[in-house]
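Numbering (our numbering), first residue to last: 1332 to 1674.
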């Protein structure tokens, strides 16, 4: 695989040229970007996935939803619907996509919408009788047609964008120089006990690519104290001693498996955003052989109703800051408060 990526290096150079020209045309105004009076916050990345966008969006929802009417707008990756869709009580994960459906299921007091064309999606949200006061744009860092008010760029601790290269040789959707558009950088999935010296080492590497005033924060994945089914919850400590099968269809499942201290024989791995077929379900049930099945929250919304409810559990996660969470919160609240006031 590494050899193949090296062989494909000329295509990476071509892809880099194409994306750089596109960004240049937007930067210079030859291609038009549209801005909106409502505060808009982008959470995105330069890489193809696995940086933890979903828990970071959920962090912002928790931070803002008590004060403002919030809407999240996503592309709705791998959904079987087209155009703009606003979630309601008839919506399914197949119509909305797994991550947006997770937002809808978890935060019923916010608006959750999907539209591949973010400009149209924002216009549709603002045409609702109950207009959102803040819009969170999920995975829209490369969506230059919309000019957001605040850009949050995520990069994973063990896969920093500054150490990577553009597709197909590396995993970047655009050049590392695209990070200069970010207003905030968050290094995600850090060890909870990451040292200040290691943080400073990473800051120096990232600072080479971003604006000098761009703050850099560090977060880690925090796991819930309970595993949940549709009808009950079991403390994680009790769940640890239960014989179980662990199923994951996410970009980088290894940390999830490690946290559950899973032996390889007790795990099943599927591609990210996998649509579980009847054959997959039969294989999971056969492998589980009556044992409890634990999965990620994102996978749970796709497996719910396909596996026995008394057998299927999920372990929620959230994004937590190593330090300086107050500084991050203040920056977000100041942007939203100022923008809302200007509106």
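Beta carbons are placed, not taken as given, at the ideal position from N, Cα and C, and that holds for glycine.
**Asked** Around the Cβ of residue 1434, are there at least 16 other Cβ atoms within 10 angstroms (buried) or fewer (exposed)?
**Response** buried
**Prompt:** CB-CB under 7 Å to residue 1506, same chain, minus the five flanking residues each way: which ones, in chain order?
**Reply:** 1347, 1350, 1351 and 1497
**Prompt:** In whole angstroms, what is the alpha-carbon distance linking residue 1567 and residue 1380?
**Reply:** 28 Å
**Message:** Quick check on residue 1532: buried or exposed, where buried means 16 or more other Cβ atoms within 10 Å of its Cβ?
**Reply:** exposed
**Asked** Given a threshold of 16 other Cβ atoms within 10 Å of its Cβ, counted over all protein chains shown, does residue 1470 qualify as buried or as exposed?
**Response** buried
**Message:** Taking the straight line between their C-alpha atoms, what separation do you get for residue 1565 and residue 1645?
**Reply:** 10 Å
**Prompt:** Roughly how many angstroms separate the alpha carbons of residue 1514 and residue 1543, rounded to a whole number?
**Reply:** 10 Å
**Asked** In angstroms, rounded to a whole number, what distance separates the CA positions of residue 1625 and residue 1345?
**Response** 43 Å
**Request:** Decide if the segment 1623-1639 is in contact with the segment 1416-1434; the criterion is three or more beta carbon pairs, one per stretch, under 8 Å apart.
**Result:** yes
**Request:** Buried or exposed for residue 1650, please, with buried defined as at least 16 other CB atoms from any protein chain shown within 10 angstroms of its CB.
**Result:** buried
**Asked** Within this structure, are the beta carbons of residue 1577 and residue 1560 separated by less than 8 Å?
**Response** no
**Message:** Does the structure place the segment 1368-1388 close enough to the segment 1471-1481 that three or more beta carbon pairs sit under 8 Å?
**Reply:** yes
**Request:** List the whole-angstrom C-beta distance separating residue 1517 from residue 1387, where the pair is believed to meet the contact cut-off of C-beta under 8 Å.
**Result:** 7 Å
**Prompt:** In three-state DSSP terms, what is residue 1344?
**Reply:** helix
**Prompt:** According to the neighbour-count rule (16 or more other Cβ atoms, all chains shown, within 10 Å of its Cβ), is residue 1573 buried or exposed?
**Reply:** exposed
**Asked** Among the residues of its own chain, which have a CB less than 7 Å from the CB of residue 1508, if the five just before and after it don't count?
**Response** 1540
**Request:** Would you identify the three-state DSSP class for residue 1634, choosing helix, strand or coil?
**Result:** helix
**Request:** State the start and end residues of the unbroken alpha helix (DSSP H) segment that holds residue 1451.
**Result:** 1449-1457
**Message:** Taking a contact to mean a Cβ-Cβ separation below 8 Å, would you say residue 1369 touches residue 1441 in this structure?
**Reply:** no
**Prompt:** Given that a residue counts as buried once 16 or more other Cβ atoms are within 10 Å of its Cβ, and exposed if not, what is residue 1484?
**Reply:** buried
**Request:** Note down, one range per segment and in chain order, each beta strand (DSSP E) of at least 3 residues found wholly within the segment 1374-1452.
**Result:** 1401-1405 and 1442-1445
**Asked** Which residues bound the beta strand (DSSP E) around residue 1486?
**Response** 1481-1487
**Request:** Could you check the C-alpha separation between residue 1354 and residue 1537 for me, to the nearest Å?
**Result:** 20 Å
**Request:** Put residue 1360 into one of helix, strand or coil per three-state DSSP.
**Result:** coil
**Prompt:** Does DSSP put residue 1554 in a helix, a strand or coil?
**Reply:** strand
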